[in-house]
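*Asks:*
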Amino acid sequence: MKAKIIASCLVGCVLAGNSLGAQERPWTLQNCIDHALENNINVRRSEISVEQREIDLNNAENNRLPDLSAGTSQNFSFGRGLTADNTYANTNTTSTSFSLGSSLSLFQGFRVRNNIELSKLNLQAATADLEKVRDDIRVAVAQAYVQVLYNSEIAAVAQRQVAIDEQQVARLESMVENGKASGAEVAAQQATLAQSRLSAVQAENNYRMALLDLSQLLELESPEGFSIVAPSVEELEPSLLPDPEDIYAEAAEHKASVLAEKLRVAYAAKNIDLAKGSFLPSLSLSGGLGTNYYTSSGYSHANFGNQLKNNFSQYVSLSLNVPIFSRFNTRNSVRNARLSHDTQQLQLENTRKSLYKEIQQAYYNAVGAQSKLISSAEAARSAEEAFELMEAKYENGKASITEFNESKNRYLSAASNLLQARYENLYQTQLLEFYRSGELDID
11 MKAKIIASCL
21 VGCVLAGNSL
31 GAQERPWTLQ
41 NCIDHALENN
51 INVRRSEISV
61 EQREIDLNNA
71 ENNRLPDLSA
81 GTSQNFSFGR
91 GLTADNTYAN
101 TNTTSTSFSL
111 GSSLSLFQGF
121 RVRNNIELSK
131 LNLQAATADL
141 EKVRDDIRVA
151 VAQAYVQVLY
161 NSEIAAVAQR
171 QVAIDEQQVA
181 RLESMVENGK
191 ASGAEVAAQQ
201 ATLAQSRLSA
211 VQAENNYRMA
221 LLDLSQLLEL
231 ESPEGFSIVA
241 PSVEELEPSL
251 LPDPEDIYAE
261 AAEHKASVLA
271 EKLRVAYAAK
281 NIDLAKGSFL
291 PSLSLSGGLG
301 TNYYTSSGYS
311 HANFGNQLKN
321 NFSQYVSLSL
331 NVPIFSRFNT
341 RNSVRNARLS
351 HDTQQLQLEN
361 TRKSLYKEIQ
371 QAYYNAVGAQ
381 SKLISSAEAA
391 RSAEEAFELM
401 EAKYENGKAS
411 ITEFNESKNR
421 YLSAASNLLQ
431 ARYENLYQTQ
441 LLEFYRSGEL
451 DID
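Going letter by letter, the sequence shown gives residues 11 to 453 in my numbering.
1. With 16 other CB atoms within 10 Å as the buried threshold, where does residue 76 fall?
2. Locate the beta strand (DSSP E) running through residue 86, then write down its first and last residues.
3. Looking only at its own chain, which residues have a Cβ that is under 6 Å from the Cβ of residue 32, when we skip the five neighbours before and after it?
4. Closer than 7 Å by C-beta to residue 314: which residues in its own chain qualify, once you throw out the five before and the five after it? Chain order, please.
5. Can at least three beta-carbon pairs, one atom from the stretch 336-348 and one from the stretch 280-294, be found at a separation below 8 Å?
6. Determine contact between the stretch 424-433 and the stretch 146-164, defined as no fewer than three beta-carbon pairs at a distance below 8 Å.
7. Is the Cβ-Cβ distance between residue 251 and residue 402 less than 7 Å?
8. Hey, how far is the Cα of residue 362 from the Cα of residue 139?
9. Going by Cα to Cα distance, which pick from 35, 96 and 151 is closest to residue 50?
10. Given residue 415, which residues of its chain have a CB within under 7 Å of its CB, disregarding the five upstream and five downstream residues?
11. Three or more C-beta pairs closer than 8 Å, one from the stretch 51-58 and one from the stretch 126-146: is that the case here?
12. Report all residues from its chain with a CB closer than 7 Å to the CB of residue 116; omit the five preceding and five following residues, and keep chain order.
13. To the nearest angstrom, report how far apart residue 261 and residue 369 are at their CA atoms.
14. Give the straight-line distance between the Cα atoms of residue 439 and residue 132, rounded to the nearest whole angstrom.
15. Using a Cβ distance threshold of 8 Å, determine whether the stretch 197-214 contacts the stretch 165-181, with at least three qualifying pairs required.
16. Suppose you measure from the CA of residue 385 to the CA of residue 396; what does that come to, to the nearest Å?
17. Taking its Cβ as the centre, do 16 or more other Cβ atoms sit within 10 Å of residue 236, making it buried, or is it exposed?
18. Which class does residue 409 belong to by DSSP, given the choice of helix, strand or coil?
19. I'd like the list of long-range same chain contacts for residue 100, defined as Cβ closer than 6 Å, with 5 residues on each side in sequence excluded.
20. Could you check which residue in 168, 257, 213 and 42 has the C-alpha nearest to that of residue 371?
21. What ranges does the alpha helix (DSSP H) occupy inside the stretch 299-340, keeping only unbroken runs of at least 4 residues that lie completely in it?
22. Look up residue 233 in the DSSP assignment and say whether it is helix, strand or coil.
23. Could you check whether residue 367 and residue 124 sit closer than 7 Å to each other, using their CB atoms as the reference points?
24. Could you pull out every residue in the same chain whose Cβ sits closer than 8 Å to the Cβ of residue 155, ignoring the five residues on either side in sequence?
25. Below 8 Å on the Cβ atoms is my contact criterion, and I expect residue 291 with residue 333 to pass it. Report the Cβ-Cβ distance as a whole number of Å.
26. Tell me where the beta strand (DSSP E) around residue 104 begins and ends.
27. Within 10 Å of its beta-carbon, does residue 390 have 16 or more other beta-carbons around it, so buried, or fewer, so exposed?
28. What's the call for residue 435, buried or exposed, on a 16-neighbour Cβ count within 10 Å?
29. Which residues in the same chain have their Cβ closer than 6 Å to the Cβ of residue 217, if we skip the five residues on either side of it in sequence?
30. Go ahead and pull the three-state DSSP assignment for residue 35.
31. Going by C-alpha to C-alpha distance, which of 185, 169 and 221 sits closest to residue 211?
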């Protein structure tokens, strides 16, 4: 029966056999996700941000170390000047000096330690942001992947409809020759065939545009030769969905978006400690070595080596700074830090609410997808039975070509809706699983 042939073609249709384009290497969803995570510009930008935060942490840790600097200077003096005899004379003098110095911060109101903690939290937040970008890419790729599958099925149905209409035109033309059909019937079926070909062209273009969108997400140079593997969803049936409250409870613990905001709350709290550090005194240690060489015209002087040895000096100093009044700058800095902490707390609550809303929406979409799958399956069975009866009546001359075409179109549309409902149900249920476990598994 033709209905059975149509059903077999629709259910067994995979992109590898689709006439919409040559396939060099079919990509699975996991292939697409892996490639996007490796090449997507937003992901790479976030990876660079993480590396920058690692450098910031390294700088903060290195502030514990003493600094070390060396210097030298050469001076020349010409013209009249006051001499040791309290007279003026024209003299030429030169001086050369060498120095080596180091300083170490002993106590800075815990600012060094707090800056290290801030840098660590900043790095962790940047890492969480990176994972959030990766999650967004995973979902975007899965959506684009399913859209390709949708459009592929529609294109397959459109191509099959063209084939059936071509058969009917040929059948009517042979019947005209035998006097069993009129030219008007042939013309009407040819018009139906033309409309089917137009629909097929539009469906093919939609399919190619969906492939283009997916290939751009993957940062491919061109969609040419790019195709994907259609998952096996023929036997997919509605299943018991997990409770959205349970999903949220798990997602709130591991979702990167929530984790990033939690880290920023901790960052804001530590920033209060950093601001308070300005109330405390600071203590630093410094030390150094120095020597110089000096000459003056008209006077004898020791040689270079002896002067460097004789003029060699060392110094060590401790510096204590006690803040007394800073025009209330420190107090206001603490107040600003506390307000920033409050703002970040609100941002965390907003992120949690957004996540809760996303999960509820995903749950309702999954419920709707399952209902759509059940109704589409029933509609497809009814349309198939109706088409088989109409086909038998048409072949026995008890139905017109118009009635046959209407029944055929209803069946093809119902079969297409069923396939789309299966893919949509697969995606929505897997999206719920993604919120719960962080994994997407459409196969």
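C-beta: ideal position from N, C-alpha, C; glycine also. Small disclaimer: the values here were computed from a predicted structure and weren't measured.
*Replies:* Here's the rundown:
1. Against the sequence shown, residue 76 aligns to sequence position 66. Classification for residue 76: exposed.
2. Walking along the sequence shown from the start, residue 86 turns up at place 76. It spans 77-87 - the beta strand (DSSP E) in which residue 86 sits, taken as one unbroken run.
3. Along the sequence shown, read from residue 1 onward, the residue named residue 32 stands at position 22. With a pLDDT of only 38 at residue 32, under the threshold of 50, the placement of this residue in the model should not be trusted; the figure read from the coordinates follows. Answer for residue 32: no residue qualifies.
4. Along the sequence shown, one-based indexing puts residue 314 at 304. Once the five neighbours on either side are set aside, the close Cβ partners of residue 314 are 303.
5. Touching, yes.
6. The stretch 424-433 vs the stretch 146-164: in contact.
7. As a first step, residue 251 must be located in the sequence shown, where it is residue number 241. As a first step, residue 402 must be located in the sequence shown, where it is residue number 392. Going by C-beta atoms, residue 251 is not nearer than 7 Å to residue 402.
8. Walking along the sequence shown from the start, residue 362 turns up at place 352. Walking along the sequence shown from the start, residue 139 turns up at place 129. About 15 Å.
9. Reading the sequence shown from its first residue, position 40 is the one you call residue 50. The shortest C-alpha to C-alpha distance from residue 50 to any of 35, 96 and 151 is the one to 151.
10. Here residue 415 refers to the residue found at position 405 when the sequence shown is read from its first residue. The answer, listed in chain order, is 202.
11. Yes, the stretch 51-58 is in contact with the stretch 126-146.
12. By one-based count along the sequence shown, residue 116 stands at place 106. Only residues of its own chain outside the window of five on either side were considered, and among them 293, 294 and 295 have a CB closer than 7 Å to the CB of residue 116, listed in chain order.
13. Working through the sequence shown from its first residue, we reach residue 261 at position 251. Working through the sequence shown from its first residue, we reach residue 369 at position 359. The straight-line gap from Cα to Cα measures roughly 9 Å.
14. In the sequence shown, the residue the question calls residue 439 occupies position 429. In the sequence shown, the residue the question calls residue 132 occupies position 122. Roughly 35 Å separates the two Cα atoms.
15. A contact between stretches requires three or more CB pairs, one per stretch, nearer than 8 Å, and the stretch 197-214 meets this requirement with the stretch 165-181.
16. Along the sequence shown, one-based indexing puts residue 385 at 375. Along the sequence shown, one-based indexing puts residue 396 at 386. CA-to-CA, the gap between residue 385 and residue 396 works out to about 16 Å.
17. As a position in the sequence shown, residue 236 is number 226, starting the count at 1. The residue is buried, with at least 16 neighbouring Cβ atoms inside 10 Å.
18. As a first step, residue 409 must be located in the sequence shown, where it is residue number 399. In this structure, residue 409 counts as coil in the three-state DSSP scheme.
19. On the sequence shown, position 90 is the one that residue 100 refers to. Excluding its 5 nearest sequence neighbours in each direction, residue 100 has C-beta neighbours in its own chain below 6 Å: 90, listed in chain order.
20. Start at 1 with the first residue of the sequence shown, and residue 371 comes out as number 361. Comparing C-alpha distances from residue 371 to each of 168, 257, 213 and 42 shows the shortest one belongs to 257.
21. Within the stretch 299-340, the complete alpha helix (DSSP H) runs of at least 4 residues are 314-320.
22. Residue numbering aside, residue 233 sits at position 223 when the sequence shown is read from its first letter. In the structure shown, residue 233 sits in coil (DSSP, three-state: anything other than H, G, I, E or B).
23. On the sequence shown, residue 124 is found 114 positions in, with the first residue counted as 1. On the sequence shown, residue 367 is found 357 positions in, with the first residue counted as 1. In this structure, residue 124 lies away from residue 367, with their beta-carbon atoms at least 7 Å apart.
24. One-based indexing of the sequence shown puts residue 155 at position 145. Closer than 8 Å at the Cβ level, and outside the excluded window around residue 155, lie 39, 42, 224, 238 and 452.
25. Your numbering for residue 291 matches position 281 in the sequence shown. Your numbering for residue 333 matches position 323 in the sequence shown. So it is a contact: roughly 7 Å between Cβ atoms.
26. Along the sequence shown, one-based indexing puts residue 104 at 94. First-last of the beta strand (DSSP E) with residue 104: 103-118.
27. To locate residue 390, count along the sequence shown from 1; it is residue 380. Flag for residue 390 reads buried.
28. Within the sequence shown, the letter at position 425 stands for residue 435. Residue 435 is buried by the Cβ-count criterion.
29. Taking the sequence shown and counting its residues from 1, one reaches residue 217 at position 207. Once the five neighbours on either side are set aside, the close Cβ partners of residue 217 are 30, 161, 162 and 165.
30. Numbered from its first residue, the sequence shown carries residue 35 at position 25. The three-state secondary structure of residue 35, taken from DSSP, is strand.
31. Stepping through the sequence shown from its first residue, residue 211 is reached at position 201. Comparing Cα positions, the closest option is 169.
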